[in-house]
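Engineer:
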Amino acid sequence: MRVDLYSGLREARALACAFGSMAFRIGDPSPHIKGIATDSREVLAGDLFVALRGAFTDGAMYLGEALERGASALLMPFDVAPPMGSYWLMQVNDPQSALMNAVRLRRRLCGGRVIAISGSTGKTTVKEAVAALLSEHGHVEKSEGNFNSGIGMPLSFLSMEEANFYVLELGISHPHEMEEMAHALLPHIAVLTNVGSAHIGNFESYAALVHEKLGIAAAQTGEDILLIPEELDTPLLKSISSVIYRVGRGERADFCAEKVVFNAEGTRASLRFGEREIRELFWGVPGRAGLSSLMLAASVGVLCGLDDRRIREGLSRASSSTPRMKKLTHGKRLLLEDCYNASPESVATSLESTVLLAGSRPTVAVLGDMAELGDRSEALHRAVGECAARDGIGMLITYGKLANGIKKGAVLAGMSEERIHSFEKGEEGALIDTILRRTPENAVVLFKGARKMALEKIMLELRRT
(Lines of atoms letter the chains of each structure in order from A and count residues from 1; the text may use other names and numbers.)
(Lines give C-alpha, C1' and ligand atoms only; values in the text may rest on other atoms or scores of the structure.)
Protein backbone atom coordinates (compact mmCIF):
# COMPACT_ATOMS: atom_id res chain seq x y z
CA MET A 1 0.00 0.00 0.00
CA ARG A 2 1.11 3.55 -0.72
CA VAL A 3 -0.46 7.00 -0.36
CA ASP A 4 0.58 10.62 -0.75
CA LEU A 5 0.91 12.21 2.68
CA TYR A 6 -1.31 15.00 4.03
CA SER A 7 0.51 18.27 3.38
CA GLY A 8 0.44 19.27 7.06
CA LEU A 9 2.59 16.28 8.05
CA ARG A 10 5.22 16.31 5.32
CA GLU A 11 8.00 17.73 7.47
CA ALA A 12 10.06 14.84 8.84
CA ARG A 13 10.18 15.93 12.47
CA ALA A 14 6.45 16.75 12.55
CA LEU A 15 5.64 13.34 11.13
CA ALA A 16 7.90 11.58 13.62
CA CYS A 17 6.17 13.45 16.44
CA ALA A 18 2.81 12.22 15.16
CA PHE A 19 4.14 8.66 15.32
CA GLY A 20 5.32 9.18 18.89
CA SER A 21 8.94 9.03 17.83
CA MET A 22 11.91 11.25 17.14
CA ALA A 23 13.51 11.84 13.74
CA PHE A 24 17.25 11.27 13.51
CA ARG A 25 19.02 12.53 10.42
CA ILE A 26 21.34 9.97 8.86
CA GLY A 27 23.34 11.42 6.00
CA ASP A 28 21.71 14.36 4.22
CA PRO A 29 18.06 13.50 3.42
CA SER A 30 15.45 16.04 2.36
CA PRO A 31 13.41 17.37 5.30
CA HIS A 32 10.18 16.81 3.35
CA ILE A 33 8.34 13.49 3.13
CA LYS A 34 6.20 12.88 0.03
CA GLY A 35 4.22 9.76 0.87
CA ILE A 36 3.92 6.65 3.02
CA ALA A 37 4.41 3.09 1.74
CA THR A 38 4.14 -0.26 3.50
CA ASP A 39 5.30 -2.23 0.46
CA SER A 40 8.90 -1.58 -0.60
CA ARG A 41 7.95 -2.29 -4.23
CA GLU A 42 5.65 0.75 -4.21
CA VAL A 43 8.11 3.22 -2.67
CA LEU A 44 8.62 6.46 -4.61
CA ALA A 45 11.42 8.97 -4.19
CA GLY A 46 10.91 11.00 -1.01
CA ASP A 47 8.62 8.46 0.71
CA LEU A 48 8.58 7.09 4.23
CA PHE A 49 8.75 3.29 4.29
CA VAL A 50 6.98 1.58 7.20
CA ALA A 51 8.59 -1.71 8.20
CA LEU A 52 5.56 -3.68 9.39
CA ARG A 53 5.74 -7.14 10.87
CA GLY A 54 3.14 -9.61 9.66
CA ALA A 55 2.31 -13.28 9.94
CA PHE A 56 4.24 -14.17 6.79
CA THR A 57 6.79 -11.42 6.27
CA ASP A 58 8.84 -8.77 8.06
CA GLY A 59 9.20 -5.30 6.57
CA ALA A 60 12.65 -5.02 8.15
CA MET A 61 13.87 -7.40 5.43
CA TYR A 62 13.14 -4.75 2.80
CA LEU A 63 14.67 -1.62 4.31
CA GLY A 64 17.56 -1.68 1.87
CA GLU A 65 15.24 -2.12 -1.12
CA ALA A 66 13.12 0.81 0.07
CA LEU A 67 16.21 3.03 0.26
CA GLU A 68 17.31 1.91 -3.19
CA ARG A 69 13.93 3.00 -4.54
CA GLY A 70 14.39 6.47 -3.05
CA ALA A 71 12.86 6.32 0.43
CA SER A 72 13.96 9.32 2.47
CA ALA A 73 12.61 8.08 5.82
CA LEU A 74 12.19 4.74 7.60
CA LEU A 75 9.73 3.88 10.39
CA MET A 76 11.00 0.73 12.04
CA PRO A 77 11.09 -1.21 15.33
CA PHE A 78 13.75 -0.44 17.94
CA ASP A 79 15.12 -3.98 17.74
CA VAL A 80 16.11 -3.65 14.07
CA ALA A 81 19.57 -2.38 13.19
CA PRO A 82 19.41 0.79 11.04
CA PRO A 83 20.78 0.19 7.53
CA MET A 84 23.41 2.27 5.80
CA GLY A 85 22.16 5.17 3.72
CA SER A 86 20.85 8.73 3.77
CA TYR A 87 17.43 9.01 5.42
CA TRP A 88 15.40 10.07 8.46
CA LEU A 89 15.35 7.32 11.09
CA MET A 90 12.16 6.94 13.16
CA GLN A 91 12.07 4.10 15.67
CA VAL A 92 9.12 2.81 17.70
CA ASN A 93 8.05 -0.34 19.51
CA ASP A 94 5.39 -1.19 16.94
CA PRO A 95 5.13 0.60 13.57
CA GLN A 96 1.44 -0.30 13.14
CA SER A 97 0.55 1.25 16.49
CA ALA A 98 2.59 4.30 15.48
CA LEU A 99 0.41 4.69 12.36
CA MET A 100 -2.67 4.71 14.58
CA ASN A 101 -1.03 7.33 16.84
CA ALA A 102 -0.65 9.55 13.78
CA VAL A 103 -4.34 9.05 12.96
CA ARG A 104 -5.26 10.28 16.44
CA LEU A 105 -3.21 13.43 15.91
CA ARG A 106 -4.58 14.00 12.43
CA ARG A 107 -8.12 13.52 13.75
CA ARG A 108 -7.60 16.28 16.34
CA LEU A 109 -6.44 18.64 13.59
CA CYS A 110 -9.30 18.09 11.13
CA GLY A 111 -12.36 20.32 11.30
CA GLY A 112 -14.82 18.41 9.13
CA ARG A 113 -17.31 15.69 10.02
CA VAL A 114 -15.99 12.13 10.09
CA ILE A 115 -18.23 9.36 8.77
CA ALA A 116 -17.10 5.76 9.32
CA ILE A 117 -18.77 2.88 7.46
CA SER A 118 -18.49 -0.82 8.23
CA GLY A 119 -20.47 -4.03 7.86
CA SER A 120 -20.17 -7.57 6.58
CA THR A 121 -21.24 -6.59 3.06
CA GLY A 122 -21.86 -3.42 1.09
CA LYS A 123 -19.52 -1.10 2.94
CA THR A 124 -17.47 -0.06 -0.10
CA THR A 125 -20.61 0.66 -2.11
CA VAL A 126 -22.16 2.69 0.72
CA LYS A 127 -18.88 4.57 1.23
CA GLU A 128 -18.79 5.56 -2.42
CA ALA A 129 -22.47 6.52 -2.36
CA VAL A 130 -22.09 8.65 0.78
CA ALA A 131 -19.01 10.40 -0.61
CA ALA A 132 -20.78 11.20 -3.89
CA LEU A 133 -23.85 12.41 -2.03
CA LEU A 134 -21.96 14.69 0.36
CA SER A 135 -19.94 16.21 -2.47
CA GLU A 136 -23.19 18.03 -3.28
CA HIS A 137 -22.78 19.85 0.04
CA GLY A 138 -19.05 20.44 0.47
CA HIS A 139 -15.54 19.12 -0.11
CA VAL A 140 -15.23 15.39 0.59
CA GLU A 141 -12.16 13.27 1.27
CA LYS A 142 -12.73 9.50 1.16
CA SER A 143 -10.73 6.33 1.61
CA GLU A 144 -9.68 4.94 -1.74
CA GLY A 145 -10.46 1.43 -2.93
CA ASN A 146 -10.61 -1.00 -0.06
CA PHE A 147 -8.10 0.71 2.25
CA ASN A 148 -10.13 -0.30 5.30
CA SER A 149 -7.95 -2.46 7.56
CA GLY A 150 -5.87 -1.56 10.61
CA ILE A 151 -3.15 -0.62 8.13
CA GLY A 152 -5.21 0.61 5.18
CA MET A 153 -7.43 2.92 7.21
CA PRO A 154 -4.51 4.84 8.81
CA LEU A 155 -2.79 5.24 5.44
CA SER A 156 -6.01 6.46 3.89
CA PHE A 157 -6.75 9.00 6.64
CA LEU A 158 -3.17 10.26 6.71
CA SER A 159 -3.45 11.07 3.02
CA MET A 160 -6.54 13.27 3.39
CA GLU A 161 -6.35 17.05 3.04
CA GLU A 162 -8.69 19.48 4.80
CA ALA A 163 -12.34 18.84 3.96
CA ASN A 164 -15.91 19.34 5.09
CA PHE A 165 -16.48 15.59 5.23
CA TYR A 166 -14.18 12.60 5.73
CA VAL A 167 -15.74 9.31 4.62
CA LEU A 168 -13.86 6.18 5.65
CA GLU A 169 -14.44 2.47 5.35
CA LEU A 170 -13.53 0.20 8.28
CA GLY A 171 -13.06 -3.52 7.70
CA ILE A 172 -12.25 -6.21 10.24
CA SER A 173 -11.48 -9.90 9.93
CA HIS A 174 -10.31 -10.79 13.46
CA PRO A 175 -11.23 -9.86 17.05
CA HIS A 176 -10.01 -6.62 18.66
CA GLU A 177 -9.54 -4.64 15.44
CA MET A 178 -12.57 -2.34 15.30
CA GLU A 179 -12.33 -0.50 18.62
CA GLU A 180 -8.76 0.66 17.99
CA MET A 181 -9.79 2.18 14.67
CA ALA A 182 -12.92 3.74 16.16
CA HIS A 183 -11.02 5.32 19.07
CA ALA A 184 -8.53 6.81 16.63
CA LEU A 185 -11.15 8.18 14.21
CA LEU A 186 -13.86 9.30 16.69
CA PRO A 187 -16.58 9.23 13.99
CA HIS A 188 -19.41 11.75 14.19
CA ILE A 189 -21.57 9.34 12.20
CA ALA A 190 -20.98 5.58 12.23
CA VAL A 191 -22.79 3.36 9.73
CA LEU A 192 -23.17 -0.41 10.13
CA THR A 193 -24.54 -1.83 6.88
CA ASN A 194 -25.26 -5.30 8.32
CA VAL A 195 -23.73 -8.14 10.31
CA GLY A 196 -23.56 -11.37 8.33
CA SER A 197 -21.30 -14.39 8.08
CA ALA A 198 -18.20 -12.77 6.55
CA HIS A 199 -15.09 -13.82 8.55
CA ILE A 200 -17.31 -15.78 10.98
CA GLY A 201 -14.67 -18.51 11.04
CA ASN A 202 -12.31 -16.16 12.90
CA PHE A 203 -14.76 -15.58 15.78
CA GLU A 204 -16.04 -17.78 18.60
CA SER A 205 -19.68 -17.07 17.72
CA TYR A 206 -22.01 -14.82 15.79
CA ALA A 207 -22.51 -12.81 19.01
CA ALA A 208 -18.76 -12.20 19.17
CA LEU A 209 -18.82 -10.95 15.57
CA VAL A 210 -21.71 -8.57 16.38
CA HIS A 211 -19.75 -7.29 19.37
CA GLU A 212 -16.73 -6.62 17.17
CA LYS A 213 -18.79 -4.79 14.53
CA LEU A 214 -20.50 -2.57 17.10
CA GLY A 215 -17.06 -1.49 18.25
CA ILE A 216 -17.42 1.15 15.53
CA ALA A 217 -19.43 3.15 18.10
CA ALA A 218 -17.09 2.48 21.04
CA ALA A 219 -15.71 6.03 21.15
CA GLN A 220 -18.90 7.89 20.29
CA THR A 221 -20.64 10.29 22.67
CA GLY A 222 -24.26 11.39 23.03
CA GLU A 223 -23.71 13.96 20.30
CA ASP A 224 -22.72 11.31 17.74
CA ILE A 225 -24.92 9.06 15.60
CA LEU A 226 -24.96 5.33 14.85
CA LEU A 227 -26.98 4.03 11.89
CA ILE A 228 -27.87 0.33 12.05
CA PRO A 229 -30.11 -2.08 10.12
CA GLU A 230 -33.62 -2.19 11.52
CA GLU A 231 -33.42 -5.89 12.25
CA LEU A 232 -30.24 -5.78 14.36
CA ASP A 233 -31.12 -6.80 17.94
CA THR A 234 -28.57 -7.25 20.70
CA PRO A 235 -28.33 -6.18 24.35
CA LEU A 236 -25.04 -4.51 23.42
CA LEU A 237 -27.00 -1.58 21.97
CA LYS A 238 -27.95 -0.51 25.51
CA SER A 239 -24.29 0.20 26.30
CA ILE A 240 -23.80 2.53 23.30
CA SER A 241 -23.74 6.24 24.14
CA SER A 242 -24.54 7.63 20.69
CA VAL A 243 -27.94 8.35 19.20
CA ILE A 244 -29.08 5.21 17.36
CA TYR A 245 -31.24 5.33 14.24
CA ARG A 246 -32.59 2.21 12.56
CA VAL A 247 -32.80 1.97 8.77
CA GLY A 248 -35.20 -0.40 7.02
CA ARG A 249 -38.72 -1.02 5.73
CA GLY A 250 -40.61 -1.95 8.90
CA GLU A 251 -42.37 -0.25 11.79
CA ARG A 252 -39.22 0.10 13.89
CA ALA A 253 -37.27 1.95 11.21
CA ASP A 254 -36.49 5.61 11.92
CA PHE A 255 -35.42 5.99 8.29
CA CYS A 256 -38.10 4.00 6.48
CA ALA A 257 -38.17 2.91 2.85
CA GLU A 258 -41.55 3.29 1.18
CA LYS A 259 -42.97 2.80 -2.33
CA VAL A 260 -40.15 0.38 -3.17
CA VAL A 261 -39.94 -0.88 -6.75
CA PHE A 262 -37.38 -3.36 -8.11
CA ASN A 263 -37.00 -3.90 -11.85
CA ALA A 264 -34.35 -4.43 -14.50
CA GLU A 265 -33.35 -0.76 -14.29
CA GLY A 266 -32.61 -0.78 -10.58
CA THR A 267 -34.26 0.25 -7.31
CA ARG A 268 -36.70 3.09 -6.78
CA ALA A 269 -38.00 4.16 -3.37
CA SER A 270 -39.03 7.02 -1.13
CA LEU A 271 -37.39 7.70 2.22
CA ARG A 272 -39.44 8.76 5.24
CA PHE A 273 -37.82 10.29 8.33
CA GLY A 274 -40.40 11.62 10.75
CA GLU A 275 -42.61 14.01 8.80
CA ARG A 276 -40.13 14.34 5.95
CA GLU A 277 -40.54 12.28 2.78
CA ILE A 278 -37.90 12.28 0.05
CA ARG A 279 -39.44 10.90 -3.13
CA GLU A 280 -38.15 9.36 -6.34
CA LEU A 281 -34.81 8.06 -5.12
CA PHE A 282 -32.99 5.73 -7.52
CA TRP A 283 -30.14 3.22 -7.35
CA GLY A 284 -28.94 1.26 -10.36
CA VAL A 285 -28.76 -2.15 -8.65
CA PRO A 286 -32.12 -3.82 -7.98
CA GLY A 287 -32.94 -5.89 -4.91
CA ARG A 288 -32.01 -5.78 -1.25
CA ALA A 289 -28.43 -4.72 -1.92
CA GLY A 290 -29.53 -1.74 -3.99
CA LEU A 291 -32.18 -0.69 -1.49
CA SER A 292 -29.72 -0.89 1.41
CA SER A 293 -27.17 1.29 -0.40
CA LEU A 294 -29.83 3.81 -1.35
CA MET A 295 -31.31 4.01 2.16
CA LEU A 296 -28.08 4.23 4.12
CA ALA A 297 -26.54 6.87 1.85
CA ALA A 298 -29.71 8.95 1.79
CA SER A 299 -29.98 8.72 5.59
CA VAL A 300 -26.46 10.09 5.99
CA GLY A 301 -27.39 12.86 3.57
CA VAL A 302 -30.37 13.82 5.73
CA LEU A 303 -28.24 13.81 8.90
CA CYS A 304 -25.67 16.05 7.20
CA GLY A 305 -28.25 18.63 6.18
CA LEU A 306 -28.74 17.93 2.46
CA ASP A 307 -32.03 18.94 0.87
CA ASP A 308 -34.15 16.56 -1.21
CA ARG A 309 -32.79 17.67 -4.58
CA ARG A 310 -29.17 17.21 -3.56
CA ILE A 311 -29.90 13.76 -2.16
CA ARG A 312 -31.63 12.69 -5.37
CA GLU A 313 -28.89 14.06 -7.61
CA GLY A 314 -26.07 12.72 -5.46
CA LEU A 315 -27.56 9.22 -5.42
CA SER A 316 -28.07 9.28 -9.16
CA ARG A 317 -24.44 10.19 -9.73
CA ALA A 318 -23.18 7.64 -7.21
CA SER A 319 -25.30 4.90 -8.75
CA SER A 320 -23.59 5.28 -12.11
CA SER A 321 -20.21 4.41 -10.59
CA THR A 322 -21.10 1.76 -8.02
CA PRO A 323 -18.35 -0.84 -7.45
CA ARG A 324 -20.99 -3.59 -7.19
CA MET A 325 -22.38 -5.58 -10.12
CA LYS A 326 -20.24 -3.98 -12.83
CA LYS A 327 -21.84 -4.57 -16.23
CA LEU A 328 -19.60 -5.88 -19.00
CA THR A 329 -20.45 -7.60 -22.27
CA HIS A 330 -19.32 -10.54 -24.36
CA GLY A 331 -21.25 -10.51 -27.60
CA LYS A 332 -24.89 -10.46 -26.57
CA ARG A 333 -24.14 -11.82 -23.12
CA LEU A 334 -24.27 -9.45 -20.13
CA LEU A 335 -21.50 -10.22 -17.61
CA LEU A 336 -21.91 -9.03 -14.02
CA GLU A 337 -18.58 -8.63 -12.25
CA ASP A 338 -18.99 -8.87 -8.49
CA CYS A 339 -15.69 -10.58 -7.84
CA TYR A 340 -13.99 -8.62 -5.09
CA ASN A 341 -15.19 -10.84 -2.26
CA ALA A 342 -18.00 -13.11 -1.18
CA SER A 343 -19.97 -14.05 1.91
CA PRO A 344 -23.21 -16.04 2.01
CA GLU A 345 -25.24 -12.86 2.41
CA SER A 346 -23.52 -10.96 -0.39
CA VAL A 347 -23.88 -13.91 -2.77
CA ALA A 348 -27.58 -14.15 -1.92
CA THR A 349 -28.19 -10.49 -2.70
CA SER A 350 -26.13 -10.74 -5.89
CA LEU A 351 -28.23 -13.68 -7.07
CA GLU A 352 -31.39 -11.70 -6.38
CA SER A 353 -30.06 -8.67 -8.27
CA THR A 354 -29.00 -10.87 -11.20
CA VAL A 355 -32.50 -12.30 -11.63
CA LEU A 356 -34.05 -8.82 -11.43
CA LEU A 357 -31.55 -7.32 -13.87
CA ALA A 358 -32.07 -10.19 -16.31
CA GLY A 359 -35.82 -9.79 -16.58
CA SER A 360 -36.84 -12.40 -19.16
CA ARG A 361 -33.26 -13.24 -20.19
CA PRO A 362 -31.60 -16.55 -19.16
CA THR A 363 -29.43 -16.43 -16.04
CA VAL A 364 -26.12 -18.09 -15.18
CA ALA A 365 -24.26 -17.88 -11.87
CA VAL A 366 -20.52 -18.62 -11.69
CA LEU A 367 -19.91 -19.00 -7.96
CA GLY A 368 -16.52 -19.62 -6.38
CA ASP A 369 -15.36 -20.64 -2.91
CA MET A 370 -16.21 -18.39 0.03
CA ALA A 371 -13.41 -17.97 2.59
CA GLU A 372 -13.04 -17.64 6.38
CA LEU A 373 -16.29 -19.39 7.30
CA GLY A 374 -14.71 -21.86 9.70
CA ASP A 375 -16.65 -24.97 10.69
CA ARG A 376 -19.80 -23.41 9.20
CA SER A 377 -18.29 -23.46 5.71
CA GLU A 378 -20.00 -26.58 4.35
CA ALA A 379 -23.45 -25.57 5.62
CA LEU A 380 -23.12 -21.99 4.37
CA HIS A 381 -21.97 -23.09 0.91
CA ARG A 382 -24.99 -25.42 0.74
CA ALA A 383 -27.25 -22.55 1.77
CA VAL A 384 -25.96 -20.49 -1.15
CA GLY A 385 -26.76 -23.35 -3.53
CA GLU A 386 -30.27 -23.56 -2.13
CA CYS A 387 -30.64 -19.82 -2.69
CA ALA A 388 -29.56 -20.14 -6.33
CA ALA A 389 -32.15 -22.85 -6.91
CA ARG A 390 -34.95 -20.92 -5.17
CA ASP A 391 -34.17 -17.75 -7.12
CA GLY A 392 -34.55 -19.63 -10.39
CA ILE A 393 -30.98 -19.35 -11.69
CA GLY A 394 -30.99 -21.12 -15.05
CA MET A 395 -27.46 -22.57 -14.91
CA LEU A 396 -25.07 -22.89 -11.99
CA ILE A 397 -21.29 -23.12 -12.46
CA THR A 398 -19.22 -23.73 -9.33
CA TYR A 399 -15.49 -23.07 -9.08
CA GLY A 400 -13.31 -24.47 -6.32
CA LYS A 401 -13.36 -27.35 -3.83
CA LEU A 402 -15.51 -25.58 -1.25
CA ALA A 403 -17.96 -24.56 -3.97
CA ASN A 404 -18.92 -28.23 -4.36
CA GLY A 405 -21.09 -27.53 -1.32
CA ILE A 406 -22.99 -24.99 -3.44
CA LYS A 407 -23.77 -27.74 -5.93
CA LYS A 408 -25.04 -30.03 -3.15
CA GLY A 409 -27.32 -27.32 -1.80
CA ALA A 410 -28.74 -26.52 -5.23
CA VAL A 411 -29.51 -30.21 -5.92
CA LEU A 412 -31.19 -30.59 -2.52
CA ALA A 413 -33.34 -27.56 -3.34
CA GLY A 414 -34.50 -29.14 -6.58
CA MET A 415 -32.09 -27.93 -9.28
CA SER A 416 -31.36 -30.59 -11.88
CA GLU A 417 -27.76 -31.78 -11.94
CA GLU A 418 -27.83 -31.27 -15.71
CA ARG A 419 -27.96 -27.53 -15.07
CA ILE A 420 -24.89 -27.59 -12.78
CA HIS A 421 -21.26 -27.70 -13.91
CA SER A 422 -18.39 -27.86 -11.40
CA PHE A 423 -14.73 -26.93 -11.89
CA GLU A 424 -11.66 -26.59 -9.70
CA LYS A 425 -8.47 -24.55 -9.89
CA GLY A 426 -6.61 -25.41 -13.07
CA GLU A 427 -9.80 -25.99 -15.05
CA GLU A 428 -10.41 -22.40 -16.05
CA GLY A 429 -10.29 -23.20 -19.77
CA ALA A 430 -13.03 -25.80 -19.43
CA LEU A 431 -15.11 -23.37 -17.39
CA ILE A 432 -14.86 -20.71 -20.08
CA ASP A 433 -15.65 -23.27 -22.77
CA THR A 434 -18.81 -24.26 -20.86
CA ILE A 435 -19.98 -20.65 -20.79
CA LEU A 436 -19.34 -20.24 -24.49
CA ARG A 437 -20.88 -23.53 -25.63
CA ARG A 438 -23.65 -24.22 -23.14
CA THR A 439 -25.13 -20.87 -22.18
CA PRO A 440 -27.59 -18.93 -24.36
CA GLU A 441 -26.03 -16.08 -26.34
CA ASN A 442 -28.19 -13.51 -24.52
CA ALA A 443 -27.58 -14.89 -21.02
CA VAL A 444 -26.91 -12.71 -17.98
CA VAL A 445 -23.87 -14.22 -16.23
CA LEU A 446 -22.92 -13.40 -12.62
CA PHE A 447 -19.34 -13.94 -11.39
CA LYS A 448 -19.03 -14.04 -7.59
CA GLY A 449 -16.47 -15.60 -5.26
CA ALA A 450 -13.82 -15.02 -2.61
CA ARG A 451 -10.99 -12.69 -3.56
CA LYS A 452 -8.51 -15.57 -3.68
CA MET A 453 -10.56 -17.23 -6.45
CA ALA A 454 -9.73 -14.35 -8.83
CA LEU A 455 -12.87 -14.80 -10.90
CA GLU A 456 -12.23 -11.46 -12.58
CA LYS A 457 -9.28 -13.09 -14.38
CA ILE A 458 -11.61 -15.73 -15.78
CA MET A 459 -13.95 -12.97 -16.91
CA LEU A 460 -11.07 -11.18 -18.61
CA GLU A 461 -10.00 -14.34 -20.42
CA LEU A 462 -13.59 -15.01 -21.43
CA ARG A 463 -13.89 -11.55 -22.98
CA ARG A 464 -10.69 -12.16 -24.94
CA THR A 465 -12.11 -15.35 -26.43
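According to the working numbering, the sequence shown holds residues 1340 to 1804 in order.
Backbone N, C-alpha and C define an ideal beta-carbon position, used for all residues, glycine too.
#1: Let me know if residue 1368 comes out buried or exposed under the rule of 16 or more other beta-carbons within 10 Å of its beta-carbon.
#2: Under 8 Å by Cβ, that's how I've got residue 1632 and residue 1465 pegged, so tell me the actual separation to the nearest angstrom.
#3: Compare the Cα-Cα distances from residue 1599 to each of 1402, 1610 and 1652 and report the closest residue.
#4: Mind checking residue 1777: buried by the 16 CB within 10 Å criterion, or exposed?
#5: Using a C-beta cutoff of 9 Å, does residue 1355 count as contacting chain C?
#6: Does the Cβ-Cβ distance between residue 1375 and residue 1482 come in under 9 Å?
#7: Pick from 1495, 1412, 1419 and 1473: whose alpha carbon is nearest that of residue 1439?
#8: Take residue 1562 as the anchor and find which of 1528, 1533, 1539 and 1418 has the nearest alpha-carbon.
#9: Taking residue 1737 as part of the beta strand (DSSP E), name the residues at either end of that continuous run.
#10: Counting pairs of beta carbons, one from the stretch 1445–1458 and one from the stretch 1613–1628, are three or more of them closer than 8 Å?
#11: Determine, using beta-carbon pairs with one atom in the stretch 1353–1372 and one in the stretch 1392–1405, whether at least three such pairs fall under 8 Å.
#12: From the DSSP output, in three-state form, read off residue 1798 for me.
#13: I believe residue 1792 touches residue 1707 by the beta-carbon criterion, under 8 Å. Please report the beta-carbon distance rounded to the nearest angstrom.
#14: Out of curiosity, what's the CA-to-CA distance linking residue 1665 and residue 1677?
#15: Pull the bridge partners of residue 1599 from the DSSP assignment, please.
#16: Can the beta-carbon of residue 1728 be found closer than 9 Å to that of residue 1709?
#17: Hey, quick one: how far does the beta strand (DSSP E) through residue 1787 stretch, first residue to last?
#18: Restricting to Cα atoms, I'd like to know which of 1783, 1493, 1775 and 1534 is closest to residue 1803.
#19: Indicate whether residue 1406 and residue 1360 have their beta-carbon atoms separated by less than 9 Å.
#20: From residue 1342 to residue 1540, what does the alpha carbon distance come to, in whole angstroms?
#21: Measuring only the C-alpha atoms, how far is residue 1543 from residue 1514?
#22: Kindly indicate the opening and closing residues of the alpha helix (DSSP H) around residue 1496.
#23: With DSSP run on the structure shown, which of helix, strand or coil describes residue 1453?
#24: How is residue 1396 classed by DSSP in three states: helix, strand or coil?
#25: Going along the chain, which unbroken runs of the alpha helix (DSSP H) with 4 or more residues stay wholly within the stretch 1679–1754?
#26: Going by the CB atoms, is the gap between residue 1606 and residue 1568 shorter than 9 Å?
#27: Skipping 5 residues on each side, what residues in its chain have a beta carbon closer than 6 Å to that of residue 1385?
#28: Is the stretch 1734–1746 close to the stretch 1698–1705, with three or more CB pairs under 8 Å?
#29: When DSSP labels each residue in this structure, what does residue 1415 get in the three-state scheme?
#30: For the candidate residues 1604, 1787 and 1695, whose alpha-carbon lies nearest to that of residue 1684?
#31: Is it the case that the Cβ atoms of residue 1620 and residue 1650 are separated by a distance below 9 Å?
#32: For residue 1574, count the other beta carbons within 10 Å of its own beta carbon; 16 or more makes it buried, fewer makes it exposed. Which is it?
#33: Give the straight-line distance between the Cα atoms of residue 1536 and residue 1578, rounded to the nearest whole angstrom.
#34: For residue 1419, which option in 1403, 1800 and 1409 has the closest C-alpha, if you only look at C-alpha atoms?
#35: By the DSSP assignment, the alpha helix (DSSP H) with residue 1342 in it spans what residues?
Structural biologist: Walking through what the data contain:
#1: Residue mapping note: residue 1368 aligns to position 29 of the sequence shown, counting from 1. Per the 10 Å Cβ criterion, buried.
#2: Numbered from its first residue, the sequence shown carries residue 1632 at position 293. Numbered from its first residue, the sequence shown carries residue 1465 at position 126. 6 Å between Cβ atoms; contact.
#3: Looking up residue 1599 in the sequence shown gives position 260. Residue 1610 is the option with its Cα nearest to residue 1599.
#4: Within the sequence shown, residue 1777 is the residue found at index 438, counting from 1. Exposed: under 16 other Cβ atoms inside 10 Å.
#5: As a matter of chain content, chain C is missing from the structure shown, which is built from one protein chain.
#6: As a position in the sequence shown, residue 1375 is number 36, starting the count at 1. As a position in the sequence shown, residue 1482 is number 143, starting the count at 1. Going by C-beta atoms, residue 1375 is not nearer than 9 Å to residue 1482.
#7: Counted from its first residue, the sequence shown places residue 1439 at position 100. Minimum Cα distance to residue 1439 is reached at 1495.
#8: Looking up residue 1562 in the sequence shown gives position 223. When C-alpha distances from residue 1562 are compared across 1528, 1533, 1539 and 1418, the shortest belongs to 1528.
#9: In the sequence shown, the residue the question calls residue 1737 occupies position 398. Unbroken beta strand (DSSP E) run through residue 1737: 1734–1738.
#10: no
#11: no
#12: The residue given as residue 1798 occupies position 459 in the sequence shown. Shown here, residue 1798 sits in a helix according to DSSP, grouped into three states.
#13: Here residue 1792 refers to the residue found at position 453 when the sequence shown is read from its first residue. Here residue 1707 refers to the residue found at position 368 when the sequence shown is read from its first residue. Indeed, because the Cβ distance is near 4 Å, the residues count as touching under 8 Å.
#14: Position 326 of the sequence shown holds residue 1665. Position 338 of the sequence shown holds residue 1677. Spanning the alpha carbons of residue 1665 and residue 1677 requires a straight line of approximately 7 Å.
#15: Translated into the one-based positions of the sequence shown, residue 1599 becomes position 260. Note: residue 1599 sits in no beta bridge, so no partner.
#16: Here residue 1728 is taken as the residue at index 389 of the sequence shown, counted from 1. Here residue 1709 is taken as the residue at index 370 of the sequence shown, counted from 1. No, they are not a contact pair.
#17: Mapped onto the sequence shown, residue 1787 falls at position 448. For residue 1787, the enclosing beta strand (DSSP E) has its first and last residue at 1783–1787.
#18: Your numbering for residue 1803 matches position 464 in the sequence shown. The shortest CA-to-CA distance from residue 1803 to any of 1783, 1493, 1775 and 1534 is the one to 1775.
#19: In the sequence shown, the residue the question calls residue 1406 occupies position 67. In the sequence shown, the residue the question calls residue 1360 occupies position 21. Not in contact: residue 1406 and residue 1360 (Cβ atoms no closer than 9 Å).
#20: What you label residue 1342 is simply residue 3 of the sequence shown in a count that begins at 1. What you label residue 1540 is simply residue 201 of the sequence shown in a count that begins at 1. Roughly 31 Å between the two C-alpha positions.
#21: For the purposes of this step, residue 1543 is taken as residue 204 along the sequence shown, with counting starting at 1. For the purposes of this step, residue 1514 is taken as residue 175 along the sequence shown, with counting starting at 1. Distance between the alpha carbons of residue 1543 and residue 1514: 9 Å.
#22: Residue 1496 sits at position 157 when you count from the first residue of the sequence shown. Residues 1491–1497.
#23: On the sequence shown, residue 1453 is found 114 positions in, with the first residue counted as 1. The answer is strand: DSSP assigns residue 1453 an E or B state.
#24: Your numbering for residue 1396 matches position 57 in the sequence shown. DSSP places residue 1396 in coil when its eight states are reduced to three.
#25: 1683–1697, 1716–1729 and 1743–1751
#26: Indexing the sequence shown from 1 puts residue 1568 at position 229. Indexing the sequence shown from 1 puts residue 1606 at position 267. No, they are not a contact pair.
#27: Taking the sequence shown and counting its residues from 1, one reaches residue 1385 at position 46. Taken in chain order, the residues that qualify are 1373 and 1411.
#28: yes
#29: By one-based count along the sequence shown, residue 1415 stands at place 76. DSSP places residue 1415 in strand when its eight states are reduced to three.
#30: The count along the sequence shown starts at 1 and reaches residue 1684 at position 345. Taking only the C-alpha atoms, the option nearest residue 1684 is 1787.
#31: Reading the sequence shown from its first residue, position 281 is the one you call residue 1620. Reading the sequence shown from its first residue, position 311 is the one you call residue 1650. Yes, Cβ-Cβ distance for residue 1620 and residue 1650 is below 9 Å.
#32: Locating residue 1574 in the sequence shown gives position 235, where the first residue counts as 1. Exposed: under 16 other Cβ atoms inside 10 Å.
#33: Within the sequence shown, residue 1536 is the residue found at index 197, counting from 1. Within the sequence shown, residue 1578 is the residue found at index 239, counting from 1. The alpha-carbon atoms of residue 1536 and residue 1578 are separated by roughly 24 Å.
#34: Here residue 1419 refers to the residue found at position 80 of the sequence shown. Looking at the Cα atoms, 1403 is the closest of the given residues.
#35: In the sequence shown, counting from the first residue as 1, residue 1342 sits at position 3. Looking at the DSSP string, residue 1342 is not in any alpha helix (DSSP H); the run it does join, the beta strand (DSSP E), is 1341–1343.
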